[in-house]
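A.B. asks:
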DNA sequence: CACTCGAAATATGTCGGAGTAAATAAGGAG
DNA sequence: CTCCTTATTTACTCCGACATATTTCGAGTG
């Protein structure tokens, strides 16, 4: 690699850049579970960084369950089950290269489980502030399409507002992961072709049900919304 | 504090011990969101450790979204929404002291959403190996009660086996979090009083439904199992 | 010959200090 | 009063040495 500084974006620290590089390498399969990384001194020298910076990067990966180090034995990649795949940063690393189709499928399945239930709870517990956020998010989605970053941000805001309206902390944390996944997949869809369907009506149906406090309706509307999004993604990946 | 070595368990590194201490302090509210920690040099000296060890601990907390540090501004505790509360280690820190009742409630709500759906999928996709693991886990639960660590481990194994049988990676990762939560809450129930209900029959009903491929039955059985567990926990906390 | 115990080798873990870069705050020029 | 420059504080990075934990290999013993 060239100078280390070239590979890190603005604001990102050196150890963060190293963690990003190693993380994407692990998620992409360049280092497989069970593999033992080169020794600290050797690897740090290869990356042209100090041992301290390298070690701090390894601590980050260790905290996310990707690797584990032991004296004399070295640092080895842990089995996939130990990976914190719902960590937003890990999720980003997973989608940095070509995302694993099977993993995307399992994320959609999780969405299909969590979000309709969340919509039901949101319909029962939402307050005026929540509804206001959803309304403006919908308006922003109409103004900018999903082809723009602003449009995708509005989409994320809408889904986040629903999860926030449930008042459930654990669901809110999942929201970070799920919205990250949604972001990556919508971006992925755009990469392939123009979005074949107008997503607004589906979102409006969810919103209307939440406004009127109709839990079952909100759950069902959200369910069909996810089904349609899944279809779009599938056809984009297949084509 | 006394010698640093006294506060770390076997196998746990020094920076891991520091991360554990700071993590529990943050989760317990000793350091509130927005608070700025003392400078590296001062805090490291206060903890009687080197800056390297302290910094590596901070990297761990940063990776889990608990804190963020910037030059000149210092290291500050992030708002709760940024915390990776589903990280198994963070979950452990949350239950190290007196767990927040509202948080426990939200975890049960997440369980009530995810596990019935997982049981439904497991009933449709399980193979013989999955069933075998569930069967032995049930037998172990019968042999040791939930008052013993072996019994709680068997309980975890049973729930893990269900999530594993779904073949869904994202659900499997959630399993680590949820089983950790289940573990902590069962332990918490024991702390208060003897378990008032025999949990075996509920588990057997779930198992039978999964064996016979009855998705709806598995989901419903799991749903009532969680309801009962929630009641027990609630009465234990209230008492 | 097999087996146990112990010493050496090796990689991670810990340490303290020096120097760099970045962000805020203070001060001066316009 | 505003804007730009400067100064200081703090985290960030690097370095080299020492400590500690495991594995491995060898010597001693039954």
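Chains as they are written, first to last, in this note's numbering: chain A, 1009 to 1247; chain B, 1009 to 1247. A virtual CB, placed ideally from N, CA and C, is assigned to each residue, including glycine.
#1: For residue 1103 of chain B, go through chain A and note every residue whose CB falls closer than 8 Å to its CB, in chain order.
#2: Taking the C-alpha atoms as reference points, what is the distance between residue 1014 of chain A and residue 1100 of chain A?
#3: Any residues in the stretch 1050-1064 of chain A with a beta carbon nearer than 9 Å to a beta carbon of chain B? Which ones, in chain order?
#4: If you measure from the beta carbon of residue 1023 of chain B to each beta carbon in chain A, is any gap under 8 Å?
#5: Work out the CA separation of residue 1170 of chain B and residue 1138 of chain B for me, nearest whole Å.
#6: Determine, using beta carbons only, whether residue 1067 of chain B and residue 1177 of chain A come nearer to each other than 8 Å.
#7: Give the interface partners of residue 1180 of chain A over in chain B, defined as CB-CB distance under 8 Å, in chain order.
#8: Apart from the five residues on each side of it in sequence, which residues of its chain come closer than 8 Å, Cβ to Cβ, to residue 1118 of chain B?
#9: When you compare the CB positions of residue 1109 of chain A and residue 1122 of chain B, do they come within less than 8 Å of one another, or not?
#10: Give every residue of the same chain whose Cβ lies closer than 6 Å to the Cβ of residue 1042 of chain B, excluding the five residues on either side of it in the sequence, and list them in chain order.
#11: Would residue 1049 of chain B and residue 1083 of chain B be called neighbours here (beta carbons separated by less than 8 Å)?
#12: Three or more C-beta pairs under 8 Å: does that hold for the stretch 1208-1227 of chain A against the stretch 1126-1136 of chain A?
#13: Is it right to say residue 1147 of chain B is buried, meaning 16 or more other beta carbons lie within 10 angstroms of its own, or is it exposed?
#14: Determine the closest residue to residue 1159 of chain A out of A:1181, A:1134, A:1191 and A:1174, with distance taken between C-alpha atoms.
#15: What residues are listed by DSSP as bridge partners for residue 1077 of chain A?
#16: Could you tell me which residues DSSP pairs with residue 1044 of chain B in its beta bridges?
#17: In angstroms with no decimal places, state the Cα-to-Cα distance between residue 1059 of chain A and residue 1097 of chain B.
#18: Can you give the beta carbon distance from residue 1090 of chain B to residue 1073 of chain B, rounded, assuming they're within the 8 Å contact cut?
#19: Measure the Cβ-Cβ separation of residue 1085 of chain A and residue 1039 of chain A and say whether it is below 8 Å.
#20: Can you tell me whether DSSP reads residue 1207 of chain A as helix, strand or coil?
#21: Since residue 1124 of chain B is in the alpha helix (DSSP H), which residue starts that stretch and which ends it?
#22: What does the Cβ neighbour count give for residue 1236 of chain B, buried or exposed, with the cut at 16 atoms within 10 Å?
#23: Which bits of chain B does residue 1072 of chain A rub up against, with CB to CB less than 7 Å?
#24: Could you have a look at residue 1010 of chain B and say whether DSSP puts it in helix, strand or coil?
#25: Which residues mark the beginning and the end of the alpha helix (DSSP H) in which residue 1060 of chain A is found?
#26: In whole angstroms, what is the alpha-carbon distance linking residue 1242 of chain A and residue 1195 of chain A?
#27: Which same chain residues, not among the five before or five after residue 1011 of chain A, have their C-beta less than 6 Å away from its C-beta?
#28: Please list, in chain order, the chain B residues whose beta carbon lies closer than 9 Å to that of residue 1086 of chain A.
#29: Using alpha carbons as the reference points, say which of B:1183, B:1077 and B:1227 lies closest to residue 1094 of chain A.
#30: Identify each residue in the stretch 1112-1130 of chain A for which the Cβ-Cβ distance to at least one residue of chain B is less than 7 Å, and report them in chain order.
#31: Contact defined as beta carbons within less than 8 Å: I believe residue 1052 of chain B pairs with residue 1062 of chain B. What is the distance between those atoms, to the nearest angstrom?
#32: Do residue 1001 of chain A and residue 1141 of chain A have their CB atoms nearer than 8 Å?
#33: My understanding is that residue 1027 of chain B touches residue 1069 of chain B, with C-beta atoms under 8 Å, so please give their C-beta distance in whole angstroms.
#34: Can you find the residues in the same chain that come closer than 6 Å, C-beta to C-beta, to residue 1036 of chain A, ignoring five residues on each side of it along the sequence?
C.D. replies: Once the coordinates are examined:
#1: Walking along the second chain from the start, residue 1103 of chain B turns up at place 95. Near residue 1103 of chain B there are no residues of chain A at all, since even the closest Cβ is about 13 Å away, more than 8 Å.
#2: As a first step, residue 1014 of chain A is located in the first chain; it is residue number 6 there, counting from the start. As a first step, residue 1100 of chain A is located in the first chain; it is residue number 92 there, counting from the start. Any reading at residue 1014 of chain A is ruled out, since the residue's pLDDT is 39, under 50, leaving its predicted position unreliable.
#3: 1060, 1063 and 1064
#4: Counting from 1 along the second chain, the entry for residue 1023 of chain B is found at position 15. Output row for residue 1023 of chain B: interface = yes.
#5: One-based indexing of the second chain puts residue 1138 of chain B at position 130. One-based indexing of the second chain puts residue 1170 of chain B at position 162. Each residue's alpha carbon lies about 8 Å from the other.
#6: Counting from one through the second chain, the residue named residue 1067 of chain B turns up at place 59. Counting from one through the first chain, the residue named residue 1177 of chain A turns up at place 169. No. Outside cutoff.
#7: Numbered from 1 along the first chain, position 172 holds the residue referred to as residue 1180 of chain A. Per Cβ cutoff of 8 Å: 1089.
#8: Within the second chain, residue 1118 of chain B is the residue found at index 110, counting from 1. Same-chain partners within the cutoff: 1186.
#9: Residue numbering aside, residue 1109 of chain A sits at position 101 when the first chain is read from its first letter. Residue numbering aside, residue 1122 of chain B sits at position 114 when the second chain is read from its first letter. Not closer than 8 Å, so no.
#10: Translated into positions along the second chain, residue 1042 of chain B becomes position 34. Closer than 6 Å at Cβ, skipping near neighbours: no residue.
#11: In the second chain, residue 1049 of chain B corresponds to position 41, counting from 1. In the second chain, residue 1083 of chain B corresponds to position 75, counting from 1. In this structure, residue 1083 of chain B does not lie closer than 8 Å to residue 1049 of chain B by Cβ.
#12: Result yes; three or more Cβ-Cβ pairs closer than 8 Å.
#13: In the second chain, the residue the question calls residue 1147 of chain B occupies position 139. With fewer than 16 other Cβ atoms within 10 Å, it is exposed.
#14: As a working mapping, residue 1159 of chain A is identified with position 151 in the first chain. Among A:1181, A:1134, A:1191 and A:1174, the Cα nearest to that of residue 1159 of chain A is on A:1191.
#15: Translated into positions along the first chain, residue 1077 of chain A becomes position 69. In the DSSP output, where bridge partners are listed per residue, residue 1077 of chain A has A:1083.
#16: Indexing the second chain from 1 puts residue 1044 of chain B at position 36. B:1084.
#17: The residue labelled residue 1059 of chain A in the question sits at position 51 within the first chain. The residue labelled residue 1097 of chain B in the question sits at position 89 within the second chain. Straight-line Cα distance between these residues: approximately 26 Å.
#18: For the purposes of this step, residue 1090 of chain B is taken as the residue at position 82 of the second chain. For the purposes of this step, residue 1073 of chain B is taken as the residue at position 65 of the second chain. That pair is a contact at about 5 Å.
#19: Your numbering for residue 1085 of chain A matches position 77 in the first chain. Your numbering for residue 1039 of chain A matches position 31 in the first chain. Going by C-beta atoms, residue 1085 of chain A is nearer than 8 Å to residue 1039 of chain A.
#20: The residue given as residue 1207 of chain A occupies position 199 in the first chain. In the structure shown, residue 1207 of chain A sits in coil (DSSP, three-state: anything other than H, G, I, E or B).
#21: Translated into the one-based positions of the second chain, residue 1124 of chain B becomes position 116. 1109-1133 is the extent of the alpha helix (DSSP H) around residue 1124 of chain B.
#22: If you number the second chain from 1, residue 1236 of chain B lands on position 228. Classification for residue 1236 of chain B: exposed.
#23: Counting from 1 along the first chain, the entry for residue 1072 of chain A is found at position 64. Those within 7 Å of residue 1072 of chain A in chain B are 1071.
#24: Counting from one through the second chain, the residue named residue 1010 of chain B turns up at place 2. Low per-residue confidence applies at residue 1010 of chain B: pLDDT is 32, beneath 50, and the placement is therefore not dependable enough to give any value.
#25: Counting from one through the first chain, the residue named residue 1060 of chain A turns up at place 52. Its alpha helix (DSSP H) spans residues 1059-1071.
#26: Against the first chain, residue 1242 of chain A aligns to sequence position 234. Against the first chain, residue 1195 of chain A aligns to sequence position 187. C-alpha separation (whole angstroms): 13 Å.
#27: Taking the first residue of the first chain as 1, we reach residue 1011 of chain A at position 3. Any reading at residue 1011 of chain A needs caution, since the residue's pLDDT is 35, under 50, leaving its predicted position unreliable; the model's value is listed next. None.
#28: Locating residue 1086 of chain A in the first chain gives position 78, counting from the first residue. Contact of residue 1086 of chain A with chain B by beta-carbon distance below 9 Å is absent, the smallest such distance being about 12 Å.
#29: Position 86 of the first chain, counted from the first residue, corresponds to residue 1094 of chain A. The shortest Cα separation from residue 1094 of chain A among B:1183, B:1077 and B:1227 belongs to B:1183.
#30: 1114, 1115, 1117, 1118, 1121, 1122 and 1125
#31: As a first step, residue 1052 of chain B must be located in the second chain, where it is residue number 44. As a first step, residue 1062 of chain B must be located in the second chain, where it is residue number 54. About 4 Å; that satisfies the 8 Å criterion.
#32: Outside the shown range of chain A (1009 to 1247) lies residue 1001 of chain A, about which nothing can therefore be said.
#33: Your numbering for residue 1027 of chain B matches position 19 in the second chain. Your numbering for residue 1069 of chain B matches position 61 in the second chain. Contact holds; Cβ gap of about 6 Å.
#34: Taking the first chain and counting its residues from 1, the one referred to as residue 1036 of chain A is at position 28. So the qualifying residues of the chain are 1105.
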